[in-house]
Amino acid sequence: MKMTWSQSPRQPEGNRNGIHWIFNPYLLLAFRLLLAAVFIYAAAQKIGKPLAFADEIHNYGVVDYGPPLYVMAVVLPWIELLCGFALVTGVVVRGAALILIGLNAMFLAVIAKKTAGYLSDGTPFTQIFFDCGCGFGATYAWKKLLEDAAYLLMSLALLAAPRHRFVVSIKRRSL
Amino acid sequence: MKILRNAILQAVAIVAVSVAVGFAFNSFSRNGINPFRAPAKVPVLADSTRAGAEGIRIIDLEEARRVVESGLSVIDARRKDEFDEGHIPGAMLFDYYDMGTYRDRVLPLLSNEGEIMVYCSEATCEDSELLAKELYLLGFTKLLVFKGGFAEWSDAGLPVEKGDL
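First to last, the sequence lines map onto chains A and B.
Going by the numbering used here, the first residue of the first sequence is number 21, and it counts up by one from there.
Going by the numbering used here, the first residue of the second sequence is number 36, and it counts up by one from there.
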């Protein structure tokens, strides 16, 4: 067996008009590489530091200390890492996209909840600044919300794309 | 619909592999944890008169000074670079987030009979309390948390040691 980079057959011309510009193979490849870079980097910051990551999750006030929190702290970074590798190689790319849709929707919800807490304390929206525990350090809430919304849209495009090109395919050597 | 079904199957496979690899890595990692342990139920003693009681007692600057002068064990729960910049005299570094390294280095130097004071950077940090809970579970049951931390200590003009020990 050998692994090669292959391109799936081109889409029919009709599919490449209108809103389907988002399914341009080069744009989809850019989405995959960007998301992969973000999630592999984020995972690398958390793997091997389950106590620190558990505290960061706990700071959102959604999950209390206990087995569900600790299991998340142990497993979540590996899900991010494997999704990153799946996006780079194009293997199980739709599964990775589906997981990233779920993760980004969850990140958006908890960051929005935390932001709402700051807003109720009287902090102006543009001044809300905290560490989301995502592995990238402290940042402005509006920036993080925009980023995660963009990642969510990219993941949706990857899931809905009719075809993916530039994927690693495993071929059997002929005997 | 077929695309979605395939995506769900692939997602389940990714999560299953992540669970297997994550647990395997955690069991071999120096900083690995028992993810199924019950949350630490440690008595937090607010009454400052109960010196020597089992549990975690929050102490103020004045009592922290008496603890240091009396020669009880003092643990700094911050990072190494913060510790090297300055720490309470006689304190031992125990980075809460690097359990694997400091557990073997510091625990043999502690007595589970006497009180142990733990502090971190300032009043808002939680690492001193989190580390105190870990120490309690490890059998060190008389713990004092200096809530004001290194910031209150140094702001009060009290002596500070620098560098690695």
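Cβ coordinates follow ideal geometry from the N, Cα and C atoms, glycine included.
The structure displayed is predicted, hence computed values, not measured ones.
Would you check if the distance between the CB atom of residue i and the CB atom of residue j is smaller than 8 Å?
i	j	result
alanine 73 of chain B	leucine 80 of chain B	no
aspartate 111 of chain B	methionine 127 of chain B	yes
alanine 136 of chain A	phenylalanine 150 of chain A	no
alanine 62 of chain A	cysteine 154 of chain A	yes
alanine 158 of chain B	glutamate 187 of chain B	yes
glycine 68 of chain A	asparagine 66 of chain B	yes
aspartate 130 of chain B	lysine 115 of chain B	yes
valine 103 of chain B	isoleucine 123 of chain B	yes
methionine 126 of chain A	phenylalanine 51 of chain A	no
alanine 169 of chain A	leucine 102 of chain A	no
alanine 181 of chain A	leucine 48 of chain A	yes
tyrosine 80 of chain A	valine 130 of chain A	yes
glycine 125 of chain B	serine 156 of chain B	no
valine 187 of chain A	threonine 109 of chain A	yes
leucine 145 of chain B	serine 108 of chain B	yes
leucine 165 of chain B	aspartate 75 of chain A	yes
methionine 152 of chain B	alanine 99 of chain B	yes
valine 112 of chain A	alanine 48 of chain B	yes
valine 82 of chain A	phenylalanine 58 of chain B	no
glycine 115 of chain A	glutamine 45 of chain B	yes
proline 87 of chain A	phenylalanine 71 of chain B	yes
arginine 33 of chain B	aspartate 162 of chain B	Here chain B has residues from 36 to 200 only, and residue 33 of chain B is not among them.
For residue i, which three-state DSSP category applies?
i	result
histidine 184 of chain A	coil
lysine 177 of chain B	strand
isoleucine 131 of chain A	helix
glutamate 76 of chain A	helix
leucine 44 of chain B	helix
arginine 52 of chain A	helix
glycine 149 of chain B	coil
glycine 198 of chain B	coil
leucine 179 of chain A	helix
threonine 109 of chain A	helix
serine 189 of chain A	strand
aspartate 141 of chain A	coil
alanine 191 of chain B	coil
asparagine 69 of chain B	coil
arginine 100 of chain B	helix
aspartate 111 of chain B	strand
aspartate 116 of chain B	helix
methionine 210 of chain B	This structure cannot speak to residue 210 of chain B, because chain B is shown only from 36 to 200.
phenylalanine 59 of chain A	helix
tyrosine 160 of chain A	strand
valine 79 of chain B	strand
glycine 183 of chain B	coil
aspartate 162 of chain B	helix
glycine 90 of chain B	strand
tyrosine 171 of chain B	helix
aspartate 151 of chain A	strand
tyrosine 171 of chain A	helix
tyrosine 154 of chain B	strand
What whole-angstrom Cβ distance do residue i and residue j have, given they're in contact under 8 Å?
i	j	result
tryptophan 98 of chain A	serine 53 of chain B	4 Å
asparagine 124 of chain A	leucine 172 of chain A	4 Å
alanine 132 of chain A	leucine 96 of chain A	Not a contact, Cβ separation roughly 19 Å.
alanine 42 of chain B	alanine 117 of chain A	7 Å
asparagine 147 of chain B	phenylalanine 175 of chain B	5 Å
valine 50 of chain B	tyrosine 171 of chain B	With a Cβ gap of about 34 Å, valine 50 of chain B and tyrosine 171 of chain B do not count as contacting.
Run through chain C and tell me which residues come within less than 9 Å of residue i, C-beta to C-beta.
i	result
aspartate 141 of chain A	Here the protein chains are A and B, and chain C is not one of them.
Could you check whether the Cβ of residue i sits closer than 7 Å to any heavy atom belonging to the ligand MN?
i	result
leucine 176 of chain A	Only the bare structure without any ligand can be found here, which leaves the ligand MN out of the picture.
- Positions along the segment 85-112 of chain A whose CB lies within less than 7 Å of some CB in chain B: Tyr85, Gly86, Pro87, Tyr90, Val91, Val94, Val95, Trp98, Ile99, Leu102, Cys103, Ala106 and Val112
- Message: Please list, in chain order, the residues of the segment 53-64 of chain B that have any C-beta partner in chain A closer than 8 Å.
- Response: Ser53, Val54, Val56, Gly57, Phe58, Phe60, Asn61 and Ser64
- Are three or more beta carbon pairs between the segment 90-99 of chain B and the segment 170-186 of chain B nearer than 8 Å? yes
- Query: Any residues in the segment 40-71 of chain A with a beta carbon nearer than 9 Å to a beta carbon of chain B? Which ones, in chain order?
  - Reply: Ile67, Gly68, Lys69, Pro70 and Leu71
- Message: Against chain B, which members of the segment 161-186 of chain A pass a CB distance test of less than 7 Å?
- Response: Leu179
- Name, going along the chain, the residues of the segment 118-133 of chain A whose beta-carbon falls closer than 9 Å to a beta-carbon of chain B. Leu118, Ile119 and Gly122
- Near-chain A residues of the segment 138-155 of chain B (beta-carbon distance less than 9 Å), N- to C-terminal order: none
- Message: Tell me which residues of the segment 94-128 of chain B have at least one Cβ-Cβ distance to chain A shorter than 8 Å, keeping chain order.
- Response: none
- Task: With 9 Å as the C-beta to C-beta threshold (strictly closer), list the residues of the segment 141-159 of chain A near chain B in chain order.
- Result: none
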